[in-house]
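Heads up, the thing below is written out as structure tokens.
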Amino acid sequence: MKSQDVRSKFLSFFEDKKHSIVPSAPMVLKDDPTLMFVNAGMVPFKEYFLGNSEPKHTRITDTQKCLRVSGKHNDLEEVGYDTYHHTLFEMLGNWSFGDYFKKEAIAWAWELLTEVYGIDKDILYVTVFEGSEDDGLEMDTEAYDLWKQHISEDRILKGNKKDNFWEMGDQGPCGPCSEIHVDIRSAEEKAKISGKDLVNKDHPQVVEIWNLVFIQYNRKANGSLETLPNKHIDTGMALSAFVWCYKGYNLITIPMCLRQLFAKLKPLATKHMVTLTR
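Residues in the sequence shown are numbered consecutively from 0, following numbering that gives the first Met the number 0.
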């Protein structure tokens, strides 16, 4: 399956779930002093989450160009050192503005991955927020119980605030999240160590492919959290990462969406790719 097939299937799936397809927003922000660039798919919809503006549609899906070279989500320092970080990437997403919440988001993500894309459920792991004493937040037992309807409990892992509480920046909409990870290692490697012990451990073949964010709070300038008037869904799937995982590759330069570009550039280059070390 090519990258354009992944994209079209994603958008068609959520269009069938009564989501309106919207175009990618400009990456350069004009009216948000807290960010230089769009660093996640939810950024163009920030005012909807905060309740400052009314969306035309309560369910939308899109593919958003994102740039992560500054601020809280700065991937620039990671590029070249692992197999999955880009600075510029395309993020597929589905959104609910005060409409559906965790039950539908989790069920639809599972349906799309296992039934539409045909991913083997035995290579998938999911994470849920374990809670945070600092913010006075309890474990996300609702998401945990919902996942139990789709995947065996030994594949549902508890994650800390760093990995399972998503924030767009130092201020703004935020909430607990549930990540979906894929383990594309060989059977021999899986026999040596369980994939659940490698989730969020920077393993090049056990990586996150989709993040389901449950927007419930607003992080204020003083660091405190306030509950938003409505609950929202914000999900993000990096297209390039999903494609190389789907194909079983372990190098970020191999996905079909980049092959033609590298084929053109290689004859012009005076130096070729090397593995970087810190």
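The C-beta atom is built at its ideal place from N, Cα and C for all residues, glycine as well.
Can you say whether Ser239 is buried or exposed, counting buried as having 16 or more other CB atoms within 10 angstroms of its CB? buried
According to DSSP, Pro125 sits in a beta bridge with which residue or residues? The residue asked about is misnamed: residue 125 is Val in this sequence, not Pro. Ile155, Ile179.
Give the DSSP-derived three-state secondary structure of Asp31 in the structure shown. coil
Is the beta carbon of His180 less than 8 angstroms from the beta carbon of Val206? yes
Residue environment, Leu267, which counts as buried when at least 16 other CB atoms sit within 10 Å: exposed
Enumerate in chain order the residues of its own chain whose CB-to-CB distance from Gly235 is below 8 angstroms, with the five nearest sequence positions on each side excluded. Ala39, Gly40, Met41, Met90, Leu91, Gly92, Trp209, Asn210, Val212
Suppose you measure from the CA of Ser12 to the CA of Thr269; what does that come to, to the nearest Å? At residue 12 the sequence reads Phe, which differs from the Ser that was named. Going by the C-alpha atoms only, they are around 44 angstroms apart.
Nearest residue (CA-CA) to Asp196, options Arg154, Leu112, Glu53: Arg154
Residue from Asp31, Ile59, Ala237 with nearest C-alpha to Glu178: Ala237
DSSP three-state call for Gln3: helix, strand or coil? helix
Pick helix, strand or coil for Phe100, following the three-state DSSP scheme. coil
Under a three-way DSSP split, which group does Val212 fall into? strand
Here's the rule: buried if 16 or more other CB atoms are within 10 angstroms of the residue's CB, otherwise exposed. What is Trp243? buried
Along the chain, where does the alpha helix (DSSP H) containing Phe164 start, and where does it finish? Looking at the DSSP string, Phe164 is not in any alpha helix (DSSP H); the run it does join, the beta strand (DSSP E), is 164-166.
Burial state of Glu129 (16 or more Cβ within 10 Å): buried
Express the C-alpha separation of Ala262 and Met138 in angstroms, rounding to a whole number. 48 angstroms
DSSP three-state call for Ser23: helix, strand or coil? coil
Below 8 angstroms between beta carbons: does that hold for Phe164 and Pro172? no
Spatial distance of Phe9 from Thr57 (CA atoms): 18 angstroms
Gln204: beta carbon under 7 angstroms from a heavy atom of the ligand COA? Absence of the ligand COA is noted for the structure shown, with no ligands found whatsoever.
Given that a residue counts as buried once 16 or more other Cβ atoms are within 10 Å of its Cβ, and exposed if not, what is Lys191? exposed
For the alpha helix (DSSP H) that contains Ala186, what are its first and last residues? 186-191
Who pairs with His202 in a beta bridge, going by DSSP? BP columns for His202 are empty, so no partner.
When DSSP labels each residue in this structure, what does Pro54 get in the three-state scheme? coil
Using a threshold of 8 angstroms, state whether the C-beta atoms of Val127 and Lys101 are closer than that. no
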